[in-house]
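For reference, the structure is listed below as structure tokens.
In our numbering, the protein residues as written are 31 to 179.
Next up, the structure:
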């Protein structure tokens, strides 16, 4: 298993995240300290550097999403960051810059409005060379070829 990238060799026990605590207005959003997600076999854990803000998160907050959304829920259907943990046979490695989006993220399981997110390895898009060194635009720049048409 590829190991976490933190200086002491382990991810912290808790992280900060934005959670939708219930359907409602902006008061349904809370910044919370929550446990860092534990990675399942076949999934990766990503240290999030940036996430997209989409209408999907507004729909989730208002309670207008599909029944698969339960509360509390950490929203975020897309994000970019660096691999923190991955199976050795996944082809992904600690520190590798990646993007991820959709696939139930932020809806049927917690999303990218957090310091760490876990997603199925097959949902990870390695960063293209043009995106390296930039965190401010990768959600738009790296994922747009997959979503623009």
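Virtual Cβ for every residue (Gly too), placed ideally from N, Cα, C.
Counting along the chain, the unbroken alpha helix (DSSP H) around residue 88 starts and ends at 85 to 92.
For residue 63, the enclosing beta strand (DSSP E) begins and ends at 59 to 65. Annotation: residue 137 to residue 74 spans about 18 Å, alpha carbon to alpha carbon. Partner residues in a beta bridge of residue 98, as assigned by DSSP, do not exist. Residue pairing by DSSP places residue 143 opposite no residue, since no beta bridge is assigned to it. If you look at residue 41, you'll find it isn't in any beta strand (DSSP E); DSSP assigns it neither H nor E. Residue 152 and residue 141 have their alpha carbons spaced roughly 16 Å apart. One thing to note: residue 72 has its Cβ no nearer than 9 Å to the Cβ of residue 114.
Straight through space, the alpha carbons of residue 49 and residue 82 are spaced by roughly 15 Å. Residue 119 sits in a helix when the DSSP states are folded into three classes.
Around the beta carbon of residue 103, 16 or more other beta carbons sit within 10 angstroms, so the residue counts as buried.
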